[in-house]
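Q:
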Amino acid sequence: MAAALTLQLLVGGHCTHPGFVVNPRRGGWAPQQFPAMFALLRHPTQGLILYDTGYAPRFFDETARFPASLYRRATPVVCAPHQSAVAQLARQGIRSDDIGLIILSHFHADHVGGLLDFPRARLLYLRAALDPNLRRRSAFANVRRGLLPGLHPADLPARSTFADDQPRVRLPGLAPFEMGYDLLGDGSLLGVEVSGHAPGQLGLFFTAQGGQPVFLVADACWTRRAFTDLELPWPPVRLITHDMAQYRAQIHRLHALHLARPDLLLVPSHCQESIDLAVSLLQGT
Ligand SMILES: [Zn+2]
Numbered sequence: 002m003a004a005a006l007t008l009q010l011l012v013g014g015h016c017t018h019p020g021f022v023v024n025p026r027r028g029g030w031a032p033q034q035f036p037a038m039f040a041l042l043r044h045p046t047q048g049l050i051l052y053d054t055g056y057a058p059r060f061f062d063e064t065a066r067f068p069a070s071l072y073r074r075a076t077p078v079v080c081a082p083h084q085s086a087v088a089q090l091a092r093q094g095i096r097s098d099d100i101g102l103i104i105l106s107h108f109h110a111d112h113v114g115g116l117l118d119f120p121r122a123r124l125l126y127l128r129a130a131l132d133p134n135l136r137r138r139s140a141f142a143n144v145r146r147g148l149l150p151g152l153h154p155a156d157l158p159a160r161s162t163f164a165d166d167q168p169r170v171r172l173p174g175l176a177p178f179e180m181g182y183d184l185l186g187d188g189s190l191l192g193v194e195v196s197g198h199a200p201g202q203l204g205l206f207f208t209a210q211g212g213q214p215v216f217l218v219a220d221a222c223w224t225r226r227a228f229t230d231l232e233l234p235w236p237p238v239r240l241i242t243h244d245m246a247q248y249r250a251q252i253h254r255l256h257a258l259h260l261a262r263p264d265l266l267l268v269p270s271h272c273q274e275s276i277d278l279a280v281s282l283l284q285g286t
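All residue numbers for the sequence shown refer to my numbering, where the first residue is 2 and numbers rise by one.
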């Protein structure tokens with residue numbers, strides 16, 4: 002049996018939107034906070050692993066000038082220095098160099114904001130996640146895609162390996178998701194492609210403490226209601242969605258999975274309700 006991992010969910014800042022943007026039917030006009038979640042995983046022999054990093058204060062430097070400033074205008078962000086991943090880990094006695102591996106779900110700024118604080122970590126993501134045109138495209142076109150290249154380490158290619166180069170395995174009990182990638186080579190952490198919101202988006206499926214099965218789905222959907230009630234976000238959100246048909250298909254897959262596996266903890270990265278539920282379930286184990 003594959004090793005169980007210990008999971009800790011953390012939040013690295015948040016952005017603010019009216020509720021209806023993610024839940025058009027019941028969200029209302031009042032501004033809501035959407036956490037930028039990241040996860041700390043402890044593997045019994047392979048050490049500490051991060052899944053994404055959340056925001057970090059350098060987001061504000063990167064978005065100070067036009068056109069990048071459009072990003073923070075569209076998505077007001079709060080991230081104080083003590084909320085960055087590296088600061089939160091330091092309070093637990095974990096140094097930046099203790100993180101051996103960072104797995105990236107995708108390259109949107111709210112997932113890679115803290116990457117520069119971990120200059121020694123290896124990076125792992127799906128090949129399609131890193132846009133080959135990033136450095137050639139205009140700053141405006143990058144911002145429209147949620148990308149801020151200034152948040153990427155200069156040596157990113159040298160430190161990167163690709164999830165899709167790891168052994169391809171059948172996903173146990175995760176239908177309609179069929180195939181994934183054995184990211185650590187021991188079956189303990191399986192990468193699952195959940196593209197649509199962004200190209201090459203990578204989710205993680207594993208067994209956490211207490212035998213709790215967990216599927217971290219990044220931005221495959223934004224709220225729990227998307228997969229419980231098939232509530233899709235506000236239609237104009239399609240403008241920032243990489244592939245709307247694929248995005249919808251992923252939500253339908255998550256809905257089917259949720260019905261088939263009520264024991265499975267499905268956690269989208271920006272859903273406070275899901276994070277709270279996960280924290281309470283994992284604390285009790
Ligand atoms: Zn995203």
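The beta carbon of each residue, even a glycine, is placed where N, CA and C say it ideally should be.
Going by C-alpha distance, which of Arg-136, Leu-41, Ala-155 and Pro-133 is nearest Ala-91?
A: Among Arg-136, Leu-41, Ala-155 and Pro-133, the Cα nearest to that of Ala-91 is on Leu-41.
Q: On the DSSP bridge list, what partners appear for Asp-230?
A: The partner list for Asp-230 (beta bridge, DSSP) is empty, contrary to what the question assumes.
Q: Alpha carbons only, please: which of Asp-220, Pro-236 and Leu-283 is nearest the one belonging to Ser-106?
A: When each option's Cα is compared against that of Ser-106, the closest is Asp-220.
Q: Please list, in chain order, all residues of the same chain as Tyr-248 whose beta carbon is under 7 Å from its beta carbon, the five residues on each side excluded.
A: Correct list, in chain order: Gly-197, His-198 and Thr-242.
Q: Closer than 8 Å: is that where the CB of His-83 sits relative to any heavy atom of ligand 1?
A: Checking every heavy atom of ligand 1 against the Cβ of His-83, none is found closer than 8 Å.
Q: In its own chain, which residues sit with a C-beta less than 8 Å from the C-beta of Thr-229, not counting the 5 before and 5 after it?
A: For Thr-229, where only same-chain residues beyond five positions count, the Cβ hits under 8 Å are His-256 and His-259.
Q: Return the first residue and the last residue of the beta strand (DSSP E) that Tyr-52 is part of.
A: Unbroken beta strand (DSSP E) run through Tyr-52: 48-52.
Q: What does the alpha-carbon distance come out to for the pair Pro-214 and Phe-206?
A: Using only the alpha carbons, I get a separation of about 7 Å.
Q: Which word fits Asp-118, buried or exposed, when buried means at least 16 other C-beta atoms lie within 10 angstroms of its C-beta?
A: The residue is buried, with at least 16 neighbouring Cβ atoms inside 10 Å.
Q: For the beta strand (DSSP E) that Ala-40 lies in, which residues bound it at each end?
A: From DSSP, the beta strand (DSSP E) with Ala-40 extends over 32-44.
Q: For the beta strand (DSSP E) that Tyr-126 lies in, which residues bound it at each end?
A: Unbroken beta strand (DSSP E) run through Tyr-126: 123-126.
Q: Measure from the C-beta of Leu-105 to each C-beta in chain D and report whether the shortest distance is under 9 Å.
A: Note that chain D does not occur in the displayed structure, where there is just one protein chain.
Q: Nearest CA to the CA of Pro-58: which residue from His-112, Gln-84, Val-268 and Gln-33?
A: Nearest C-alpha to Pro-58: Gln-84.
Q: Touch check for the segment 136-147 and the segment 159-176: three-plus C-beta pairs under 8 Å?
A: As far as the Cβ criterion goes, the segment 136-147 does not touch the segment 159-176, which means the pair count is below three.
Q: Let me check you understand the geometry: is the CB of His-15 closer than 8 Å to at least one non-hydrogen atom of ligand 1?
A: No, ligand 1 has no heavy atom inside 8 Å of this Cβ.
Q: Whole angstroms is fine: what's the gap from Val-113's alpha carbon to Leu-203's?
A: When rounded, the distance between both Cα atoms is 13 Å.
Q: If you compare alpha carbons, which of Pro-120, Thr-46, Leu-152 and Thr-17 is closest to Val-78?
A: With distances taken between Cα atoms, Val-78 lies closest to Thr-17.
Q: Ligand 1 heavy atoms versus the CB of Asp-220: any closer than 8 Å?
A: Correct: Asp-220 has its Cβ closer than 8 Å to ligand 1.
Q: Do you know how far the Cα of Phe-178 is from the Cα of Gly-55?
A: Rounded to the nearest angstrom, the two C-alpha atoms are 26 Å apart.
Q: Relative to the C-alpha of Phe-35, which residue among Ala-122, Asp-98, His-44 and Asn-24 is closest?
A: It is Asn-24 whose Cα lies nearest to the Cα of Phe-35.
Q: Do Cys-272 and Gln-251 have their C-beta atoms closer together than 9 Å?
A: Cβ atoms of Cys-272 and Gln-251: not closer than 9 Å.
Q: Got a sec: does ligand 1 put a non-hydrogen atom nearer than 8 Å to the Cβ of Gly-197?
A: It does not: the Cβ of Gly-197 is nowhere closer than 8 Å to a heavy atom of ligand 1.
Q: Go through its chain and collect everything with a Cβ distance to Ile-95's Cβ below 7 Å, but skip five positions before and after it.
A: Excluding sequence neighbours, Ile-95 sits near Leu-49.
Q: Does the beta-carbon of Met-180 have 16 or more other beta-carbons within 10 angstroms, so that it is buried, or is it exposed?
A: By the 10 Å Cβ count, Met-180 comes out exposed.
Q: For a test of your reading of the model: does the CB of Gly-147 fall under 8 Å from any non-hydrogen atom of ligand 1? Yes or no.
A: Flag set: Cβ of Gly-147 near ligand 1.
Q: Taking only runs that begin and end inside the segment 212-263, name each unbroken alpha helix (DSSP H) of 4 or more residues, in chain order.
A: 225-230 and 245-261, all fully within the segment 212-263.
Q: Identify which residue in Leu-10, Phe-163 and Met-245 has its Cα closest to the Cα of Arg-43.
A: Ranking Leu-10, Phe-163 and Met-245 by Cα distance to Arg-43 puts Leu-10 first.
Q: Please tell me whether, using a cut-off of 8 Å, the distance from the CB of Asp-132 to the nearest non-hydrogen atom of ligand 1 is below it.
A: Answer for Asp-132: no, Cβ out of range of ligand 1.
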